[in-house]
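There are 2 protein chains.
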Amino acid sequence: MALKLNTEYLENFVSAHEFEGMKPLCKAADEVLSSKSGLGNDFLGWVNLPTNYDKEEFARIKKAAQKIKETSQVLIVIGIGGSYLGARAVIEAVKSSLYNNLPKDTPDIYFVGNSISPTYLSQVLEICKNKDICVNVISKSGTTTEPAVAFRIFKKLLEDKYGKEGAKERIFATTDRKVGVLKQEADKEGYETFVVPDDVGGRFSVLTAVGLLPIAVAGCDIDALMQGAADASKKYVGVESDCHKYASLRNIMYNKGKSIEMLISYEPTMTMINEWFKQLFGESEGKDKKGIFPSSAVYSTDLHSMGQFVQDGSRVMFETVIDVKNPQQDIFLEIDKENNDGLNFLANQNMSIVNKRAMQGTLLAHTEGGVPQIVIEMDKIDEYNIGELIYFFEKACAISGYMLGVNPFNQPGVESYKKNMFALLGKPGYEDMTAELMAKLK
Amino acid sequence: MALKLNTEYLENFVSAHEFEGMKPLCKAADEVLSSKSGLGNDFLGWVNLPTNYDKEEFARIKKAAQKIKETSQVLIVIGIGGSYLGARAVIEAVKSSLYNNLPKDTPDIYFVGNSISPTYLSQVLEICKNKDICVNVISKSGTTTEPAVAFRIFKKLLEDKYGKEGAKERIFATTDRKVGVLKQEADKEGYETFVVPDDVGGRFSVLTAVGLLPIAVAGCDIDALMQGAADASKKYVGVESDCHKYASLRNIMYNKGKSIEMLISYEPTMTMINEWFKQLFGESEGKDKKGIFPSSAVYSTDLHSMGQFVQDGSRVMFETVIDVKNPQQDIFLEIDKENNDGLNFLANQNMSIVNKRAMQGTLLAHTEGGVPQIVIEMDKIDEYNIGELIYFFEKACAISGYMLGVNPFNQPGVESYKKNMFALLGKPGYEDMTAELMAKLK
Numbered sequence: 043m044a045l046k047l048n049t050e051y052l053e054n055f056v057s058a059h060e061f062e063g064m065k066p067l068c069k070a071a072d073e074v075l076s077s078k079s080g081l082g083n084d085f086l087g088w089v090n091l092p093t094n095y096d097k098e099e100f101a102r103i104k105k106a107a108q109k110i111k112e113t114s115q116v117l118i119v120i121g122i123g124g125s126y127l128g129a130r131a132v133i134e135a136v137k138s139s140l141y142n143n144l145p146k147d148t149p150d151i152y153f154v155g156n157s158i159s160p161t162y163l164s165q166v167l168e169i170c171k172n173k174d175i176c177v178n179v180i181s182k183s184g185t186t187t188e189p190a191v192a193f194r195i196f197k198k199l200l201e202d203k204y205g206k207e208g209a210k211e212r213i214f215a216t217t218d219r220k221v222g223v224l225k226q227e228a229d230k231e232g233y234e235t236f237v238v239p240d241d242v243g244g245r246f247s248v249l250t251a252v253g254l255l256p257i258a259v260a261g262c263d264i265d266a267l268m269q270g271a272a273d274a275s276k277k278y279v280g281v282e283s284d285c286h287k288y289a290s291l292r293n294i295m296y297n298k299g300k301s302i303e304m305l306i307s308y309e310p311t312m313t314m315i316n317e318w319f320k321q322l323f324g325e326s327e328g329k330d331k332k333g334i335f336p337s338s339a340v341y342s343t344d345l346h347s348m349g350q351f352v353q354d355g356s357r358v359m360f361e362t363v364i365d366v367k368n369p370q371q372d373i374f375l376e377i378d379k380e381n382n383d384g385l386n387f388l389a390n391q392n393m394s395i396v397n398k399r400a401m402q403g404t405l406l407a408h409t410e411g412g413v414p415q416i417v418i419e420m421d422k423i424d425e426y427n428i429g430e431l432i433y434f435f436e437k438a439c440a441i442s443g444y445m446l447g448v449n450p451f452n453q454p455g456v457e458s459y460k461k462n463m464f465a466l467l468g469k470p471g472y473e474d475m476t477a478e479l480m481a482k483l484k
Numbered sequence: 043m044a045l046k047l048n049t050e051y052l053e054n055f056v057s058a059h060e061f062e063g064m065k066p067l068c069k070a071a072d073e074v075l076s077s078k079s080g081l082g083n084d085f086l087g088w089v090n091l092p093t094n095y096d097k098e099e100f101a102r103i104k105k106a107a108q109k110i111k112e113t114s115q116v117l118i119v120i121g122i123g124g125s126y127l128g129a130r131a132v133i134e135a136v137k138s139s140l141y142n143n144l145p146k147d148t149p150d151i152y153f154v155g156n157s158i159s160p161t162y163l164s165q166v167l168e169i170c171k172n173k174d175i176c177v178n179v180i181s182k183s184g185t186t187t188e189p190a191v192a193f194r195i196f197k198k199l200l201e202d203k204y205g206k207e208g209a210k211e212r213i214f215a216t217t218d219r220k221v222g223v224l225k226q227e228a229d230k231e232g233y234e235t236f237v238v239p240d241d242v243g244g245r246f247s248v249l250t251a252v253g254l255l256p257i258a259v260a261g262c263d264i265d266a267l268m269q270g271a272a273d274a275s276k277k278y279v280g281v282e283s284d285c286h287k288y289a290s291l292r293n294i295m296y297n298k299g300k301s302i303e304m305l306i307s308y309e310p311t312m313t314m315i316n317e318w319f320k321q322l323f324g325e326s327e328g329k330d331k332k333g334i335f336p337s338s339a340v341y342s343t344d345l346h347s348m349g350q351f352v353q354d355g356s357r358v359m360f361e362t363v364i365d366v367k368n369p370q371q372d373i374f375l376e377i378d379k380e381n382n383d384g385l386n387f388l389a390n391q392n393m394s395i396v397n398k399r400a401m402q403g404t405l406l407a408h409t410e411g412g413v414p415q416i417v418i419e420m421d422k423i424d425e426y427n428i429g430e431l432i433y434f435f436e437k438a439c440a441i442s443g444y445m446l447g448v449n450p451f452n453q454p455g456v457e458s459y460k461k462n463m464f465a466l467l468g469k470p471g472y473e474d475m476t477a478e479l480m481a482k483l484k
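Chains A and B, in that order, are what the protein sequence lines are. Plus 42 on top of the position in the first sequence (first one is 1) and you've got the working numbering. Plus 42 on top of the position in the second sequence (first one is 1) and you've got the working numbering.
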């Protein structure tokens, strides 16, 4: 029992009968998901993924990761959105937010192709100078602007450095199984390819090759990651499960007028898990002018920035707090004889105890301040537990989205800025819009 | 004219008469600030700081920075909240979000004492192994838990490594001018000290020694930073100024029911400026159950995570977009003869043009989607412009807070979690609360 939902801090905010009232709706959402009869049901590949994945490809991922480790000091991961956040989130959670700075026997990993900033890309290129690098380019179509631009640049860099033959041994393409320009190019050039499945949307793709290859390169145990998710897929079944309860709770909060959910952690290594969560829920539920705005914080750091607002500002939010029971590393705080700083009251014990007391103190303070606190207890931060957490959130997101009456699996709004950008850049096929948009610029 | 407010994208959201209607209120707020007659008027030292700073100390900061650069590979900055975010924000904006990974002739800089995570602290300690380090401990009182714990550990590390005499040459304390345990300790041990002024709150302190010493160590030009702020302090005077207009706009948005402001940038180097902004506004306005919830994003990265929500989710937010006119570095996108990816339509020009088109396309798309867009145009990201931006936001925050009727300079809510934490840890003086709080834990 790695993960556990603790709803006991909610007693002044949510009554037992409210859960009862949501149960039929939660059940309906669950049935729509199980029977694959709901909106977006072409994208349910993630449901059985943790057990039903391609074992042959999984073995190839491990081999490719080994090859990258043996031949490179740096892995460049090119991808955006779901082709970026999942891998980075797991690596930082399990290894470190300072992964690239720590002494280690695995390559540094830089994520590019997730913005159009030439400054950022130039800086990564500078870091790569005189280093052996491999590239994992991740794009289902191969035409998404951000990763495609970055791939052009890194492909050229590799071919200049290693020759065309050498480069093809160092480029790994995670893309569509059959079609698309990246798949065509990979086949033509002879890159090893991995599959972005047709029925798994980007934000649900961390447990496919999209996430698994970079995660394996960082030295994470991807078997344990999948096992955690597989166990979760068996555990979170039926409306009494913690996952369904969390989905119901989110909708209770929304119906009460709470417009913001803050995902809270007390470990800086969870910063990118927060970002992954924001995409998962924001993109799944933020449509048809509906949805809870997903936000996040890392405490106690952000208690000294957003803490004042959460304690006493507009009462628009609830918090979902990840309570990690056992730290990855600990430090024993020694008694200081002089005690100039008066801190001996917290010494003679592990620092993790102080962190836990900060969390408990904050749970009570924010409850007192009128901010509902949902707590997700987690045994520790490792591959297995993160695998479970990922599946927990994915399934909760699907159920929660269906309870809100939206299609949790599409993202039509993401196209709007792209269309405008294409028109402003004069992309063939978008010329009609160009003049009209140009006239609107201020 | 480095910074300019562009309100023209707001035409469908805010009428001219609304600005007119806010003017008397803005004027009242401005008068309260100028005459130092408003709530929190003990903390207005930041207003004249850019011209009225301690020149002797400023020269000492530069000397200390030079000494640190010459003797160390790593600078450890110990501080939380305003003693953390400002320095990190400026360094990352001006230098890089990858500052520690870039080849350079200045020390790596790690920020600790901003959380109670033993995992994070252990990892930084591991990175410091076998490296020469200096420490800048920043705390007005010296008793704030997070930095005080970290300082105990690093002080011991330095004394073990360099001896007590050697360590004192490597520890720089930024603290109260006269009182407090850190000041006492610094005097006793012989550390060089710098001042956290009495009349400048933490979130307004980046242009004091609090921010300036680490910023100078990173090789930033702190004269230019101060000059940008000094020029801003002359420019943003009177209710017609862009700064006052922005403050009025925020209150117009709030009065229309917008509960979230997202600060948007298209440069990853601005990520920590976003975090600094969130503290500045969140802590200043988030009180008495009021205030706009500050949030942020870096596009186009987050257009592929939060973009769907902003385009079509709950209409609860407005965006304030930093439009940087000239990139720090650029990359020329070459035509690719094969054009497999069909991207030649955006080649044969600088990548920064594509980034700009993405911004313009997004401004139009989000406007169309019903999200009001405030634009702050900025010449480029350098010390001078960041200095101006800092002062712009500080003054806008003061005016905006007064227009909301709050004290923009206190943060009483931050004490709540601390009190509970102390009681749960059995700190002397808090024993009364301990049993009661223990009983409330679930």
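Cβ atoms here follow ideal geometry from the backbone N, Cα and C, with glycine treated the same way. The structure presented is a predicted model; accordingly, all values stated were derived computationally and were not measured.
Counting contacts by CB-CB distance shorter than 9 Å, is Lys-502(A) in contact with chain B?
Nothing about residue 502(A) can be read from this structure; chain A reaches only from 43 to 484.
Gly-121(B) versus Arg-194(B): straight-line alpha-carbon distance, rounded
Counted from its first residue, the second sequence places residue 121(B) at position 79. Counted from its first residue, the second sequence places residue 194(B) at position 152. When rounded, the distance between both Cα atoms is 13 Å.
At a CB-CB cut-off below 8 Å, which residues of chain A make contact with Asp-378(B)?
Within the second sequence, residue 378(B) is the residue found at index 336, counting from 1. Those are Arg-194, listed as they occur along chain A.
Contacting residues, own chain, Cβ-Cβ under 8 Å from Gly-411(B) (five flanking each side not counted)
Residue 411(B) sits at position 369 when you count from the first residue of the second sequence. Excluding residues within five positions, the ones whose Cβ falls inside 8 Å are Val-352, Gln-353, Asp-354.
Within chain D, the residues that Gln-115(A) reaches when beta carbons sit closer than 8 Å:
Considering every chain present, this structure includes no chain D. Its protein chains are A and B.
So is Ala-107(A) in contact with chain B if we call contact Cβ pairs under 9 Å?
Taking the first sequence and counting its residues from 1, the one referred to as residue 107(A) is at position 65. Ala-107(A) does not count as touching chain B.
Return the chain-ordered list of same chain residues with a C-beta closer than 7 Å to the C-beta of Pro-149(A), the five sequence neighbours on each side being excluded.
To locate residue 149(A), count along the first sequence from 1; it is residue 107. Around Pro-149(A): Ile-110, Lys-111, Ser-114, Gln-115, Val-116, Leu-117, Val-259.
Beta-carbon proximity list for Tyr-152(A), same chain, < 6 Å, skipping 5 on both sides
Mapped onto the first sequence, residue 152(A) falls at position 110. Contacts found: Ile-118, Val-166.
Counting contacts by CB-CB distance shorter than 9 Å, is His-408(A) in contact with chain B?
For the purposes of this step, residue 408(A) is taken as the residue at position 366 of the first sequence. The Cβ of His-408(A) sits closer than 9 Å to at least one Cβ of chain B.
Beta-bridge partners of Val-154(B), as assigned by DSSP
Position 112 of the second sequence, counted from the start, is the residue given in the question as residue 154(B). In DSSP, Val-154(B) forms a bridge with Ile-120(B).
Span of the beta strand (DSSP E) holding Lys-182(B)?
For the purposes of this step, residue 182(B) is taken as the residue at position 140 of the second sequence. Careful: Lys-182(B) lies outside any beta strand (DSSP E) and carries neither H nor E.
Considering only DSSP beta bridges, list what Glu-234(B) is partnered with.
Residue mapping note: residue 234(B) aligns to position 192 of the second sequence, counting from 1. Per DSSP, Phe-214(B).
Within the continuous alpha helix (DSSP H) that includes Pro-160(A), where are the two ends?
On the first sequence, residue 160(A) is found 118 positions in, with the first residue counted as 1. 160-170 is the extent of the alpha helix (DSSP H) around Pro-160(A).
Taking three-plus beta-carbon pairs below 8 Å as touching, is the segment 367-380 of chain B in contact with the segment 134-142 of chain A?
Flag = no, the segment 367-380 of chain B and the segment 134-142 of chain A do not touch.
Buried or exposed, going by whether 16 or more other CB atoms sit within 10 Å of the CB of Lys-197(A)?
Residue 197(A) sits at position 155 when you count from the first residue of the first sequence. When all chains shown are included, Lys-197(A) counts as buried.
Between the beta-carbon of Cys-439(B) and the beta-carbon of Pro-450(B), is there less than 9 Å?
Here residue 439(B) is taken as the residue at index 397 of the second sequence, counted from 1. Here residue 450(B) is taken as the residue at index 408 of the second sequence, counted from 1. Yes, these two residues count as a Cβ contact at 9 Å.
Cα-Cα, which of Ser-125(B), Ser-79(B), Asp-378(B), Asn-386(B) is closest to Leu-249(B)?
Translated into the one-based positions of the second sequence, residue 249(B) becomes position 207. Nearest C-alpha to Leu-249(B): Ser-125(B).
Would the segment 58-67 of chain A and the segment 288-308 of chain A be scored as touching if the rule is three or more Cβ pairs under 8 Å?
yes
Are the CB atoms of Leu-255(A) and Ala-131(A) nearer to each other than 9 Å?
By one-based count along the first sequence, residue 255(A) stands at place 213. By one-based count along the first sequence, residue 131(A) stands at place 89. For Leu-255(A) and Ala-131(A), no; Cβs fall outside 9 Å.
Against Ala-190(A), what residues of chain B qualify as contacts under a CB-to-CB distance less than 7 Å, listed in chain order?
Your numbering for residue 190(A) matches position 148 in the first sequence. Asp-383, Leu-385, listed in chain order.
Would Glu-168(A) count as contacting chain B if we go by Cβ distances under 9 Å?
For the purposes of this step, residue 168(A) is taken as residue 126 along the first sequence, with counting starting at 1. It does: the Cβ of Glu-168(A) has a partner Cβ on chain B nearer than 9 Å.
For the alpha helix (DSSP H) that contains Lys-252(B), what are its first and last residues?
Looking up residue 252(B) in the second sequence gives position 210. According to the sequence shown, residue 252(B) is Val rather than Lys. Residues 251-259.
Beta-carbon contacts of Glu-376(A) that lie in its chain and below 7 Å, excluding the five residues immediately before and after:
Translated into positions along the first sequence, residue 376(A) becomes position 334. These residues qualify, in order along the chain: Ala-389.
Between Met-295(B) and chain A, is any beta-carbon pair separated by less than 9 Å?
Reading the second sequence from its first residue, position 253 is the one you call residue 295(B). Answer no: the Cβ-Cβ gap between Met-295(B) and chain A never drops below 9 Å.
Between the alpha carbons of Arg-399(B) and Ile-158(A), how many angstroms are there, rounded?
The residue labelled residue 399(B) in the question sits at position 357 within the second sequence. The residue labelled residue 158(A) in the question sits at position 116 within the first sequence. In a straight line, the C-alpha of Arg-399(B) is about 10 Å away from that of Ile-158(A).
As an exercise, report each continuous beta strand (DSSP E) stretch of at least 3 residues that is fully enclosed by the segment 295-340 of chain A, in chain order.
The qualifying runs are 302-307, 335-340.
For the candidate residues Pro-414(A), Leu-466(A), Ser-164(A), Ile-423(A), whose alpha-carbon lies nearest to that of Glu-57(A)?
As a first step, residue 57(A) must be located in the first sequence, where it is residue number 15. Per the sequence shown, the amino acid found at residue 57(A) is Ser instead of Glu. Closest option to Ser-57(A), Cα to Cα, is Pro-414(A).
Since Glu-50(B) meets chain A, which of its residues come closer than 9 Å, beta carbon to beta carbon?
Counted from its first residue, the second sequence places residue 50(B) at position 8. Lys-484, listed in chain order.
From Met-393(A) to Pro-160(B), what distance separates their C-alpha atoms?
Within the first sequence, the letter at position 351 stands for residue 393(A). Within the second sequence, the letter at position 118 stands for residue 160(B). Approximately 6 Å between the Cα atoms of the pair.
For Asp-273(A) and Glu-430(A), what's the separation of their Cα atoms in angstroms?
Translated into positions along the first sequence, residue 273(A) becomes position 231. Translated into positions along the first sequence, residue 430(A) becomes position 388. Annotation: Asp-273(A) to Glu-430(A) spans about 7 Å, alpha carbon to alpha carbon.
CB contact check: Pro-454(A) to chain B, cutoff 9 Å
Position 412 of the first sequence, counting from 1, holds the residue named residue 454(A). Yes, Pro-454(A) counts as interfacial toward chain B.
So, helix, strand or coil for Leu-45(A), using DSSP?
Working through the first sequence from its first residue, we reach residue 45(A) at position 3. It is a strand residue.
Name the chain B residues that come within less than 7 Å of Leu-466(A), Cβ to Cβ?
Position 424 of the first sequence, counting from 1, holds the residue named residue 466(A). Correct list: Arg-399, Gln-402, Gly-403.
Between the Cα of Leu-52(B) and the Cα atoms of Cys-262(B), Val-179(B), Leu-406(B), Asp-84(B), which residue gives the shortest distance?
The count along the second sequence starts at 1 and reaches residue 52(B) at position 10. Nearest C-alpha to Leu-52(B): Leu-406(B).
Check the Cβ-Cβ distances between Pro-27(B) and every residue of chain A, and say whether any is below 9 Å.
Nothing can be reported for residue 27(B): it is not among the residues displayed for chain B, which extend from 43 to 484.
By the 10 Å Cβ neighbour count, where 16 or more other Cβ atoms means buried, how is Thr-311(A) classified, buried or exposed?
The residue given as residue 311(A) occupies position 269 in the first sequence. Buried is the call here.
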